[in-house]
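Participant: So the sequence lines, in the order shown, correspond to chains X and D.
Residue numbers are given in the UniProt record's numbering: position 533 of the first sequence equals residue 533, and the series is strictly consecutive.
Residue numbers are given in the UniProt record's numbering: position 116 of the second sequence equals residue 116, and the series is strictly consecutive.
Dropping the structure in here first, questions after.
2 protein chains.
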Amino acid sequence: MRQTLDFLLNDWLKVQALTQRPRFAEHSDETFTAVLDTCEKIAREKFAPFNRLADTQEPHFDGVKVHLPEATHAAMLTYVGSGMLAAAQDYELGGMQLPCVIEMAANAFFSKASVAMGGYAMLTNGNANLLMAHGTALQREVFAKNEFSGRWFGTMCLSEPQAGSSLSDVATRAVLEDETDALGPRYRLKGNKMWISAGEHEITENIIHLVLAKIPGPDGKTVPGTRGISLFICPKHLVNERAELTGERNDVQLAGLNHKLGYRGTTNCLLNFGENGAGAIAYLVGKPGEGLKCMFHMMNEARIGVGLGATMLGYAGYEASLEYAKQRPQGRATGPAGKDASAPQLPIIEHADVKRMLLAQKSYVEGALALELYCARLVDELHTADDEAREQASQLLDVLIPIAKSWPSEWCLEANSLAIQVLGGYGYTRDFPVEQYWRDNRLNMIHEGTHGIQGLDLLGRKVVMNGGAGLTLLAKRVNDTIARAQQVPELVDMAHRLAAALQTLGAATKAAWATGLPEEALANATPYLQAFGHVVLAWVWLELALVAQNNAEQAFYRGKLAAARYFYGYELPKVAAWLEVVRTREPLCKDLPHDCF
Amino acid sequence: MRQTLDFLLNDWLKVQALTQRPRFAEHSDETFTAVLDTCEKIAREKFAPFNRLADTQEPHFDGVKVHLPEATHAAMLTYVGSGMLAAAQDYELGGMQLPCVIEMAANAFFSKASVAMGGYAMLTNGNANLLMAHGTALQREVFAKNEFSGRWFGTMCLSEPQAGSSLSDVATRAVLEDETDALGPRYRLKGNKMWISAGEHEITENIIHLVLAKIPGPDGKTVPGTRGISLFICPKHLVNERAELTGERNDVQLAGLNHKLGYRGTTNCLLNFGENGAGAIAYLVGKPGEGLKCMFHMMNEARIGVGLGATMLGYAGYEASLEYAKQRPQGRATGPAGKDASAPQLPIIEHADVKRMLLAQKSYVEGALALELYCARLVDELHTADDEAREQASQLLDVLIPIAKSWPSEWCLEANSLAIQVLGGYGYTRDFPVEQYWRDNRLNMIHEGTHGIQGLDLLGRKVVMNGGAGLTLLAKRVNDTIARAQQVPELVDMAHRLAAALQTLGAATKAAWATGLPEEALANATPYLQAFGHVVLAWVWLELALVAQNNAEQAFYRGKLAAARYFYGYELPKVAAWLEVVRTREPLCKDLPHDCF
């Protein structure tokens with residue numbers, strides 16, 4: 001993977017150009033490389049060898065404490081020591097001022113080595129970043145800083161047992177206790193939060209929960225919908241203004257651990273807030289009623305993170321199955337005269353269908369990695385580019401983030417299934433890693449906005465907002481790529497195919513909204529999401545092919561061209577199949593009465 | 001499911017007509033119904049409640065014995081008591097002389113309730129059936145009869161650690177000891193057999209292994225390829241001609257249990273034959289060198305069985321997610337004015353995308369069930385029809401069996417993934433059954449001939465053998481259906497679409513073989529298999545739609561029409577996408593050198 005990562009960062013995204021920006025001026029090729037080297041090494045030594053252990057030695061709760069494998073504690077300690085929790089932060093905060101694209105690339109190694117062990121750090125980073133953006137100076141000092149240093153870890157508490165996709169139905173209530181608390185207006189929380197990853201553990205001395213809750217009005221009622229939601233800091237152990245533990249336990253209790261299909265190394269919790277008294281103590285972040293806005297501020301990075309996690313699971317499976325295919329003998333070549341049973345067996349990588357399964361995986365996982373890094377690079381534009389580039393990055397991210405989140409969740413899961421298939425019966429056993437990757441990856445279509453939610457977000461909001469500016473800009477970028485590819489004889493055919501697919505997508509988008517009725521337009525939002533994703537990935541692959549074409553005499557680059565051709569030959573034709581129902585606003589699903597099932 | 005099963009058997013396949021044949025003359029609607037009722041009840045009471053237990057309480061080996069949950073023993077006892085092991089056998093053998101289609105339909109209940117618990121019986125049935133076809137009178141009396149009665153269970157020992165898909169590389173050797181043994185020519189076996197389902201347990205007092213092995217020639221060498229393979233009966237405990245245990249243990253030892261991703265309730269074993277001495281005692285079945293031919297005699301039923309198992313896992317997930325979707329409130333309708341957050345939440349089945357996921361599952365699982373029963377009905381033609389019908393059934397089965405095995409393995413697995421998605425986070429936990437169905441089902445693309453092998457079998461053998469007779473006959477049947485559908489205004493559009501898909505398939509088949517070179521034709525055998533499968537399923541759905549159209553005023557039948565329309569709108573368009581690479585004999589995968597990965 002490292003060679004591909006370097007190819008994407010250097011040859012394609014040209015990340016070294018970022019060092020010309022003031023924020024990254026002290027960085028260079030060498031510092032970027034050093035960060036990647038360090039993370040690759042820690043991931044290989046402290047994470048990967050224990051990934052199966054984190055699965056089999058599932059977290060368990062003895063009624064007082066949650067127990068994790070010692071290896072998870074050790075891995076986290078090393079990760080904290082690397083400083084990666086604060087990788088993107090200012091030097092004054094103890095950070096490294098790394099670009100987002102390098103931070104993401106470096107974290108990819110941990111996701112690939114053990115996505116479940118890495119979960120604790122990813123959540124802490126997201127939590128602290130959110131506080132940096134919306135917290136008070138003291139909240140940043142007390143909470144965010146101690147999370148970036150790894151002294152405390154953090155969580156995101158959004159879902160409730162009765163409210164997952166529908167956050168407007170959050171029922172946790174927050175009642176004001178003291179508006180003048182130095183740590184922020186102090187509230188008392190009562191409610192239950194479900195699916196809280198890293199919600200309980202003993203890795204750090206404290207856990208900082210960020211909690212969505214509603215503040216009732218004078219009549220005791222809460223505002224319906226997401227406008228009524230506020231955001232709170234709720235530490236497991238109470239702390240004072242000097243960031244010292246007061247010795248008092250906050251009323252946040254683990255009601256139970258969820259026992260999952262995969263991703264088992266990350267605890268997943270039902271947490272009760274304020275069940276035993278006046279309520280859990282919590283401090284308001286930002287303004288009342290703006291909780292979801294604050295939370296969604298970090299949405300780009302969070303969704304890139306999920307997409308990258310899904311991608312790396314796919315990548316891990318690809319590498320494992322490729323290695324297996326090279327050494328496993330089975331079967332013989334079929335020649336014009338049939339097979340010669342007395343000839344020695346071939347490594348299975350010699351069989352066309354095995355190569356097809358490997359090439360499919362390659363096109364999914366390398367394409368997805370490219371997309372995630374491209375999006376991370378756009379986040380750097382948001383933070384450090386001039387106004388025009390920033391505006392463009394924002395518009396592109398609007399339409400690309402639903403794909404960055406959903407596409408790897410679906411297709412790198414498919415890659416994991418193909419990895420199992422390459423290994424055959426062995427792949428189905430727990431003696432090989434591929435079955436775990438497949439189980440772990442199944443989560444990614446569900447959390448951080450389900451596939452269905454991503455489809456509604458894309459077709460219902462992102463491609464129509466600001467007069468369709470995001471889609472228009474994306475189409476312009478795609479057409480730029482097509483125009484360049486049309487100058488390269490080897491890529492002309494792909495350029496034509498992409499142009500046709502883009503046109504079909506544009507026409508379907510218009511047709512979906514032709515009646516202006518959301519229920520008609522959105523009845524097939526998921527097939528639309530799938531088609532949109534495949535067009536985006538085809539564009540990414542044409543971009544990569546343009547770079548690879550310059551070195552087409554080397555096997556590494558020929559591999560990139562082959563993966564691009566695979567995607568165009570075997571995958572892109574599906575776009576038309578998905579879009580047919582979008583274009584015709586097929587009402588079958590939406591109209592079918594229950595009793596017909 | 002029962003209503004759909006009755007619809008398929010009675011309204012569509014008209015199984016009652018079979019009672020006019022001499023073999024089934026004592027049967028009637030009532031006896032068929034009674035068998036289905038009994039199996040449905042046993043499956044509900046003795047299998048389904050323990051399916052999760054069979055997964056969590058995985059078989060373990062204490063060095064002497066393999067331990068299974070008591071529930072598995074109890075379920076098997078009840079199953080044996082039902083007489084279903086001998087359902088299709090002659091009355092004289094204690095059988096019920098049931099048609100294959102009824103036997104399969106009845107066994108479907110067990111696969112749905114607990115595919116892993118049911119595995120022991122399915123294997124025993126297949127084993128005994130094979131002995132009925134190829135064993136001597138005494139072999140049938142001693143071994144088959146005691147398997148049909150459930151006194152002993154059986155296995156199929158084909159694969160070895162180094163030989164899975166490539167059976168020609170079987171290395172187990174059989175040396176003649178006594179040609180005159182009453183139980184059959186007695187050999188000594190030495191070798192290792194891998195992936196042996198039900199290879200060890202204590203459910204029955206004995207286990208009858210059917211083992212593929214090679215008999216070395218005078219020079220000590222074996223014949224390369226499958227022609228060198230012979231078939232042997234190798235009991236775990238030795239028995240005499242009166243079917244009494246002699247008290248002597250045969251040298252068949254459990255080397256270890258495989259720990260699988262799913263299907264955990266069925267033991268899966270590495271067995272060592274003859275490791276401790278002169279070799280395990282075994283009796284030749286059929287002629288030397290005809291082992292694979294004998295084994296493949298039962299291939300139709302075995303592959304229908306696997307396909308039906310995959311189908312039933314999909315069905316179980318469909319029912320679980322449908323039930324959940326009806327009662328789980330979440331989210332609100334999107335109207336022209338957006339959402340009203342103060343309105344009560346809707347059951348998620350009200351959302352178009354949830355209905356899409358349910359309708360997709362319905363189209364996969366009900367379509368697959370129809371296909372499996374259609375194939376089982378063809379097996380009845382093979383056994384009890386006149387010569388012409390028998391010949392036609394044989395030709396149709398040639399081309400349909402690879403689909404019957406592979407299609408549900410792929411698409412009912414996809415159904416299981418959609419069932420998880422409908423349940424969201426809950427679906428990802430082990431508190432709900434859907435994640436287990438998904439894990440269990442992943443095996444079905446691997447065993448009993450992988451997906452890749454099915455594709456090669458279909459495109460490389462089945463559609464070209466006998467001058468393409470199978471494909472020609474299938475096309476004739478499909479065209480008959482199209483002609484009937486063209487008379488029904490509501491179905492004309494589907495008829496046209498199916499005609500177009502069939503034409504594309506036929507053209508791609510020709511184009512694939514245009515150069516006559518197997519390596520070119522077969523380079524894309526798996527996409528061909530996928531496309532062929534979707535065309536077959538579209539045909540099946542049009543058949544069902546023709547029946548349902550007669551009662552379109554009833555919700556049950558409208559549901560069938562909706563599932564058919566779903567398949568045509570959302571699935572059938574994929575055919576063209578898959579066939580493009582077949583038609584062009586795309587050489588990308590086959591030609592790619594290793595070092596490009």
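The beta carbon of each residue, even a glycine, is placed where N, CA and C say it ideally should be.
Quick check on this structure: which residue in D:E553, D:N192 and D:T384 has the alpha carbon closest to the alpha carbon of D:L18?
Facilitator: By one-based count along the second sequence, residue 18 of chain D stands at place 18. Ranking D:E553, D:N192 and D:T384 by Cα distance to D:L18 puts D:T384 first.
Participant: What is the C-beta distance between D:G164 and D:C269, in whole angstroms, given that I count them as a contact (C-beta under 8 Å)?
Facilitator: Residue mapping note: residue 164 of chain D aligns to position 164 of the second sequence, counting from 1. Residue mapping note: residue 269 of chain D aligns to position 269 of the second sequence, counting from 1. About 15 Å; that fails the 8 Å criterion.
Participant: How many Å lie between X:A500 and D:P573 at the Cα?
Facilitator: Indexing the first sequence from 1 puts residue 500 of chain X at position 500. Indexing the second sequence from 1 puts residue 573 of chain D at position 573. Approximately 17 Å between the Cα atoms of the pair.
Participant: Determine, for D:E586, whether the minimum Cβ-Cβ distance to residues of chain X falls below 9 Å.
Facilitator: Here the question's residue 586 of chain D lines up with position 586 in the second sequence. Closer than 9 Å: yes.
Participant: Short of 7 Å in beta carbon distance, which residues of its chain neighbour residue 598 of chain D, apart from the five on each side in sequence? Order them along the chain.
Facilitator: Absent from the structure is residue 598 of chain D, since the part of chain D shown begins at 1 and ends at 597.
Participant: Excluding sequence positions up to five away, which residues of its chain have a Cβ less than 7 Å from the Cβ of X:F359?
Facilitator: In the first sequence, counting from the first residue as 1, residue 359 of chain X sits at position 359. One point to set straight first is that residue 359 of chain X is Leu, not Phe, in the sequence displayed. Cβ neighbours of X:L359 beyond the five flanking positions: A562, A563 and Y566.
Participant: Show which residues of chain D have a CB atom less than 8 Å away from the CB atom of X:E290.
Facilitator: What you label residue 290 of chain X is simply residue 290 of the first sequence in a count that begins at 1. Chain D residues near X:E290: none, gap ~16 Å exceeds 8 Å.
Participant: Measuring only between beta-carbons, confirm whether D:Y79 sits less than 9 Å from chain X.
Facilitator: The count along the second sequence starts at 1 and reaches residue 79 of chain D at position 79. No, its Cβ sits nowhere closer than 9 Å to a Cβ of chain X.
Participant: Do you know how far the Cα of D:L529 is from the Cα of D:L522?
Facilitator: In the second sequence, counting from the first residue as 1, residue 522 of chain D sits at position 522. In the second sequence, counting from the first residue as 1, residue 529 of chain D sits at position 529. In a straight line, the C-alpha of D:L522 is about 11 Å away from that of D:L529.
Participant: How about X:G533 and X:I403: do their beta carbons lie closer than 9 Å?
Facilitator: By 1-based counting over the first sequence, the position of residue 533 of chain X is 533. By 1-based counting over the first sequence, the position of residue 403 of chain X is 403. Contact: yes.
Participant: Do we get a CB-CB distance below 9 Å when we pair D:F597 with the residues of chain X?
Facilitator: As a first step, residue 597 of chain D must be located in the second sequence, where it is residue number 597. It does; some Cβ of chain X falls within 9 Å.
Participant: Given a threshold of 16 other Cβ atoms within 10 Å of its Cβ, counted over all protein chains shown, does X:L261 qualify as buried or as exposed?
Facilitator: Locating residue 261 of chain X in the first sequence gives position 261, where the first residue counts as 1. So X:L261 ends up on the buried side.
Participant: Run down chain X in chain order and give the residues with a C-beta less than 7 Å from the C-beta of D:K574.
Facilitator: As a first step, residue 574 of chain D must be located in the second sequence, where it is residue number 574. Under the 7 Å cutoff, chain X gives K574 and A577.
Participant: Taking the alpha carbon of X:D340 as the point to measure from, which residue in D:S82, D:G225 and D:S114 has its own alpha carbon closest?
Facilitator: For the purposes of this step, residue 340 of chain X is identified with residue 340 of the first sequence, where counting begins at 1. Residue D:G225 is the option with its Cα nearest to X:D340.
Participant: Between the Cα of D:R442 and the Cα atoms of D:L423, D:G289, D:L158 and D:C412, which residue gives the shortest distance?
Facilitator: Residue numbering aside, residue 442 of chain D sits at position 442 when the second sequence is read from its first letter. Selected option, being the one with the closest Cα: D:C412.
Participant: Residues of chain D with a CB under 8 Å from the CB of X:P489: which are they?
Facilitator: Locating residue 489 of chain X in the first sequence gives position 489, counting from the first residue. Ordered by position in chain D, no residue passes the 8 Å Cβ test against X:P489, which lies about 18 Å from the chain.
Participant: What residues from the stretch 239-270 of chain D come within 7 Å of chain X, judged by C-beta to C-beta, listed N to C?
Facilitator: If the cut-off is 7 Å between Cβ atoms, the stretch 239-270 of chain D has N258, H259, K260 and L261 near chain X.
Participant: Roughly how many whole angstroms lie between the Cα atoms of X:E448 and X:V170?
Facilitator: Residue mapping note: residue 448 of chain X aligns to position 448 of the first sequence, counting from 1. Residue mapping note: residue 170 of chain X aligns to position 170 of the first sequence, counting from 1. Going by the C-alpha atoms only, they are around 16 Å apart.
Participant: Threshold first: 4 residues or longer. Then list the alpha helix (DSSP H) segments lying entirely within the stretch 267-316 of chain X, N to C.
Facilitator: The qualifying runs are 291-297.
Participant: For X:E553, count the other beta carbons within 10 Å of its own beta carbon; 16 or more makes it buried, fewer makes it exposed. Which is it?
Facilitator: Within the first sequence, residue 553 of chain X is the residue found at index 553, counting from 1. Classification for X:E553: exposed.
Participant: Any beta carbon of chain X sitting closer than 9 Å to that of residue 604 of chain D?
Facilitator: This structure gives no information on residue 604 of chain D, because the portion of chain D shown stretches from 1 to 597.
Participant: Check whether chain X comes within 9 Å of D:M194, counting only Cβ atoms and requiring the distance to be less than that.
Facilitator: Position 194 of the second sequence, counted from the first residue, corresponds to residue 194 of chain D. Judged by the 9 Å Cβ criterion, D:M194 is in contact with chain X.
Participant: Looking only at C-alpha atoms, which of X:N300, X:W541 and X:L418 sits nearest to X:V101?
Facilitator: On the first sequence, residue 101 of chain X is found 101 positions in, with the first residue counted as 1. Comparing Cα positions, the closest option is X:N300.
Participant: Quick check: the Cα distance between X:D386 and D:A352, rounded to an integer number of angstroms?
Facilitator: On the first sequence, position 386 is the one that residue 386 of chain X refers to. On the second sequence, position 352 is the one that residue 352 of chain D refers to. Answer to the nearest angstrom: the Cα atoms are 42 Å apart.
Participant: CB D:S82 to CB D:L313, shorter than 9 Å?
Facilitator: For this step, residue 82 of chain D is matched to residue 82 along the second sequence. For this step, residue 313 of chain D is matched to residue 313 along the second sequence. In this structure, D:L313 does not lie closer than 9 Å to D:S82 by Cβ.
Participant: Going by C-alpha distance, which of X:R497, X:K190 and X:G256 is nearest X:E275?
Facilitator: The residue given as residue 275 of chain X occupies position 275 in the first sequence. Checking every option, the nearest Cα to that of X:E275 belongs to X:K190.
Participant: Starting from X:H209, trace the beta strand (DSSP E) in both directions and tell me its first and last residue.
Facilitator: What you label residue 209 of chain X is simply residue 209 of the first sequence in a count that begins at 1. Segment I207 to K214, the beta strand (DSSP E) holding X:H209.
Participant: Please confirm whether D:A512 and D:V575 have their CB atoms less than 9 Å apart.
Facilitator: Within the second sequence, residue 512 of chain D is the residue found at index 512, counting from 1. Within the second sequence, residue 575 of chain D is the residue found at index 575, counting from 1. Contact: no.
Participant: Could you spell out where the beta strand (DSSP E) holding X:D178 opens and where it closes?
Facilitator: The sequence position of residue 178 of chain X within the first sequence is 178, counting from 1. Residues R173 to D178.
Participant: Taking its Cβ as the centre, do 16 or more other Cβ atoms sit within 10 Å of X:V399, making it buried, or is it exposed?
Facilitator: The residue you call residue 399 of chain X lines up with position 399 of the first sequence. Its Cβ being crowded by 16 or more others within 10 Å, X:V399 is buried.
Participant: According to DSSP, is X:V252 part of a helix, a strand, or is it coil?
Facilitator: Position 252 of the first sequence, counted from the first residue, corresponds to residue 252 of chain X. If DSSP states are grouped into helix, strand and coil, X:V252 belongs with the strands.
Participant: Look at D:H259 and X:D431 and say whether their C-beta atoms are less than 9 Å apart.
Facilitator: By one-based count along the second sequence, residue 259 of chain D stands at place 259. By one-based count along the first sequence, residue 431 of chain X stands at place 431. It is a contact, given that the beta carbons lie within the stated cut-off.
Participant: Rounded to whole angstroms, how far is the Cβ of D:G217 from the Cβ of D:L284, which I believe are closer than 8 Å?
Facilitator: Numbered from its first residue, the second sequence carries residue 217 of chain D at position 217. Numbered from its first residue, the second sequence carries residue 284 of chain D at position 284. 16 Å between Cβ atoms; not a contact.
Participant: Please state whether DSSP places X:V463 in a helix, a strand or coil.
Facilitator: On the first sequence, position 463 is the one that residue 463 of chain X refers to. Coil at X:V463, not helix or strand.
Participant: Looking only at C-alpha atoms, which of X:V239, X:A243, X:E319 and X:V64 sits nearest to X:V422?
Facilitator: Position 422 of the first sequence, counted from the first residue, corresponds to residue 422 of chain X. The shortest C-alpha separation from X:V422 is found at X:E319.
Participant: What is the rounded straight-line gap between the Cα of X:A75 and the Cα of X:A54?
Facilitator: Position 75 of the first sequence holds residue 75 of chain X. Position 54 of the first sequence holds residue 54 of chain X. If you take the alpha carbons of X:A75 and X:A54, they lie about 11 Å apart.
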